[in-house]
Amino acid sequence: MEGTRSTRDAYGEVLVSLGVENPKIVVVDADVSKATRTSLFARQFPERFFNVGVAEQNLMGVAAGLSLTGLIPIASTFAVFATGRAFDQVRNTIAYGNCNVKIVATHGGITVGEDGASHQSIEDIALMRVLPNMKVIVPADAFEVEKALRAAVRIYGPVYIRLGRVPVPTVTSKCSHFEIGRANVLRDGSDLAILATGIMVSESLKAAEILSSEGVESAVINVHTIKPLDRETVLETAKRCGALITAEEHSIVGGLGSAVAELLSTECWVALGMVGVKDTFGESGSPKELMKKYGITAGDIVEKAKEVLNKKKTGRAVCR
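Its first residue numbered 5, the sequence shown is counted upward by one per residue in our numbering.
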């Protein structure tokens with residue numbers, strides 16, 4: 005892992021590149037373009053940028069309408085508003101209509117920090133994952149942001165991409181393979197596997213190093229696409245390791261952990277642990293303080309790994 009960079013910063017830059025390459029791309033924002041970094045696109049292509057004001061429901065309606073003209077609208081605001089305040093419009097206009105809208109939301113997760121619970125979106129993955137037609141992607145770092153956005157633009161239909169506010173470690177490379185719906189194995193291991201998404205991929209790699217020093221070899225898998233979930237990789241890993249941990253900067257209700265548990269409940273019963281925000285709201289604090297308080301650090305992954313390994317010893321995997 006070399007260097008750190010905010011995924012929202014990477015988003016702003018790739019938007020400009022895509023704008024040059026594809027004249028059908030337009031961007032719609034809800035008066036937070038400086039924070040979402042869509043301001044870079046606005047300066048380069050003012051005639052293809054639309055600021056609808058602090059009106060997130062209208063944001064989604066406008067984006068849906070633009071898509072019906074053959075354009076490829078990218079709608080951006082903070083994650084808590086894109087998914088919560090505008091849920092009705094996302095559901096009934098974009099998802100139900102299978103509109104070709106790409107929702108790229110920044111400020112996802114607890115690491116929004118000092119802005120507090122009202123702005124810390126820890127339910128957005130759950131809200132988007134439940135919608136038919138919607139694909140849900142959480143890039144692990146800046147390199148993956150570009151790949152995710154380019155892949156989203158290439159396909160037809162609604163896509164939700166969740167980005168963060170704070171700089172995150174680089175865990176992939178410019179040449180790393182990216183395919184919607186296909187997880188990437190970043191580290192091999194047979195004792196257990198850590199299925200991580202977003203900022204928790206780097207924390208999982210740190211945890212794997214700690215576990216290795218204690219004689220436990222853990223696979224680390226970057227599950228950048230929550231929906232569609234990579235069933236093949238999850239099930240193969242479950243059968244091989246017999247113990248899994250999910251790690252996400254999101255509530256353990258309805259996110260990656262729930263998606264994996266739903267799959268395993270019908271296909272492969274193995275020891276499973278979830279690292280994420282418990283069923284609670286966040287609070288104001290620095291990202292580092294909040295990650296520690298809400299149990300989503302490398303150390304928390306290590307402790308959960310030991311718990312899951314104890315479960316593994318008392319039973320065996322049962323897979324179809």
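In this text, a Cβ means the ideal position worked out from N, Cα and C, and glycines have one as well.
Once DSSP output is grouped into helix, strand and coil, what is the label at residue i?
i, result
"Asn137", "coil"
"Phe285", "coil"
"Pro291", "helix"
"Gly277", "strand"
"Asp192", "coil"
"Thr87", "helix"
"Ala144", "coil"
"Met5", "Only weak support exists for where Met5 lies, its pLDDT of 47 falling under 50; the coordinates are left without a value."
"Asn96", "helix"
"Val163", "strand"
"Lys316", "helix"
"Ala212", "helix"
"Thr81", "strand"
"Asp263", "Reading off the sequence, residue 263 comes out as Ala, not Asp. Looking at Ala263 - three-state DSSP - the assignment turns out to be helix."
What residue range does the beta strand (DSSP E) around residue i cover?
i, result
"Leu233", "Leu233 -> no beta strand (DSSP E), and no H or E assigned at all."
"Phe45", "Note, Phe45: premise wrong, no beta strand (DSSP E); alpha helix (DSSP H) at Ser43 to Gln48."
"Leu248", "Ala247 to Ser255"
Under a Cβ-count criterion, where at least 16 other Cβ atoms within 10 Å of its own Cβ denotes burial, should residue i be classed as buried or exposed?
i, result
"Pro77", "buried"
"Thr40", "buried"
"Val306", "buried"
"Ile15", "A small correction: the amino acid at residue 15 is Tyr; Ile does not occupy that position in the sequence shown. The residue is buried, with at least 16 neighbouring Cβ atoms inside 10 Å."
"Arg166", "buried"
"Asp128", "buried"
"Gly112", "buried"
"Thr201", "buried"
"Met5", "Reliability fails at Met5, whose pLDDT of 47 lies under 50, so the model's placement of it is uncertain and the value that follows must be treated cautiously. It counts as exposed."
"Asp92", "exposed"
Could you give the C-beta distance for residue i and residue j, rounded to a whole number, given that I count them as a contact under 8 Å?
i, j, result
"Asp33", "Ser71", "That belief does not hold up - the Cβ atoms of Asp33 and Ser71 are roughly 16 Å apart, past 8 Å."
"Leu209", "Arg186", "Contact flag wrong, Cβ pair sits at about 19 Å."
"Val189", "Ala223", "6 Å"
"Ile184", "Ile203", "Actually they do not touch by this definition, with Cβ atoms about 20 Å apart."
"Arg47", "Gly23", "Incorrect: roughly 11 Å between the Cβ atoms, too far for contact."
Exercise. Are there three or more Cβ pairs, one per stretch, closer than 8 Å when the stretch 225-243 is compared with the stretch 285-297?
Worked result: no
For this session: Flag this pair as touching only if the stretch 201-215 and the stretch 232-242 have three or more C-beta atom pairs under 8 Å; answer yes or no.
Result: no
Exercise. Is it true that the stretch 85-94 meets the stretch 42-57, where meeting means three or more beta-carbon pairs spaced less than 8 Å apart?
Worked result: no
For this session: Count the C-beta pairs between the stretch 166-173 and the stretch 140-155 that are closer than 8 Å, then say yes if the count reaches three, no if not.
Result: yes
Exercise. If we count Cβ pairs, one from each stretch, closer than 8 Å, do we get three or more for the stretch 246-263 versus the stretch 114-134?
Worked result: yes
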